[in-house]
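**Student:**
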Amino acid sequence: MAIAGAASPGFIIASWQTYLVYWAYALLSLSINLPRTLEIVNYMLRAVIFTLNGTAIWLLVALLVRAYPKQSAHAVFIEFVNQSGRSSDGLVFFLALLPAYAAFAGLDNATHLTDELENPQKQSLLDPIGGQTMIQLMLNAFHSLPLTIATTAMMIYSFFVSSAASMITWSRLYWSFSREGSMPFSRTMSKLTSRDNLPIYAICRNTVLLIANGAISIGSTTAMNALLGAANICIITAMVTALALPLYKGRKTFDQNRWFNLGRWGNPIFWLATL
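Written as structure tokens, this is what we have:
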């Protein structure tokens, strides 16, 4: 939608139009998680490794080359513009970082697929990480709408893979809790259907909930942003907790014969990741 607005300055994006795009993303994520089509996720994840890293390298190089006039180091690293209306620059800085965490939603995707992997001790360590940048920044730096559209397309693909991976994570979480009788309609949601033994009921229910939550954006974008911001904070909190607990309890509690062992570098890496 932002690209449409950039290509046609007179185009005004309506909330219902954004919601239709939201619907499309939700249904695409559902389609990828259905029997037989789930098999292509492996190929998508392999492709996104090159797409994500290629896009990151392209942005780092192209923005520096195409941006004109060049800003000084002081303007880039020190100056901070706060036009949000909030008095705290620090709060605005961290709030501005929240959208970038959307692509981290599938960070623990592989963890929830351990029951479906042949070698989970090794395979569950392979997981994609994504990121995003602002379209307006690219448009201003590239001075080219085609370049902006091409770069955005690569980013959209990365986010699409992340959304599909997020649906995998969410459905497996809901299915596992339903298996313990902890969620509504647990008897139905804990069932595995199809020859692929997939939690189809959990996947479909989560898609419906996802579409219903998105309807909030039609009435109030502020409420939707608050909801997404709270979700990102929960994700960050969960990640920090997972890294901090081993530091608190001691990494010696881990299986000493585990496949992936950081050795003496483990504690420094865990501290750095936590910070």
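All residue numbers for the sequence shown refer to full-length UniProt numbering, where the first residue is 1 and numbers rise by one. Backbone N, C-alpha and C fix where the C-beta goes; we use that ideal spot for every residue, glycine too.
#1: Runs of 3 residues minimum, wholly inside the segment 134-180: which ones carry the beta strand (DSSP E) assignment?
#2: Do S182 and M189 come within 8 Å of each other at the CB atom, strictly closer than that value?
#3: Give me whichever residues DSSP pairs with T193 in a beta bridge.
#4: Quick check: what's the CA-CA separation for G5 versus I12?
#5: Grab the span of the alpha helix (DSSP H) containing V21 for me, first residue to last.
#6: Mind the definition here: the segment 71-81 touches the segment 137-147 only if three or more C-beta pairs lie below 8 Å; say whether that holds.
#7: Taking just the CA atoms, how far does A164 sit from L30?
#8: If the criterion is Cβ atoms closer than 8 Å, does the pair S158 and L52 meet it?
#9: Using C-beta distances below 7 Å, list every residue in its chain close to S87, excluding the 5 sequence neighbours before and after it, in chain order.
#10: Once you ignore the five residues that flank R66 on each side, which residues in its own chain have a CB closer than 7 Å to its CB?
#11: Is DSSP giving Y248 helix, strand or coil here?
#12: Taking 8 Å as the limit between beta carbons, can you name the residues of its chain near T55, skipping five residues before and five after?
#13: Do you know how far the Cα of K249 is from the Cα of Q17?
#14: Counting C-beta neighbours from all protein chains within 10 Å, is the total for I200 16 or more, i.e. buried, or is it exposed?
#15: Suppose you measure from the CA of R258 to the CA of K252; what does that come to, to the nearest Å?
#16: Hey, would you say W271 sits closer than 8 Å to L247, going by beta carbons?
**Tutor:** Concretely, from the data shown:
#1: none
#2: no
#3: L198
#4: 7 Å
#5: 15-32
#6: no
#7: 7 Å
#8: yes
#9: none
#10: A141, F142, H143
#11: helix
#12: T151, M154, M155, S158
#13: 49 Å
#14: buried
#15: 12 Å
#16: yes
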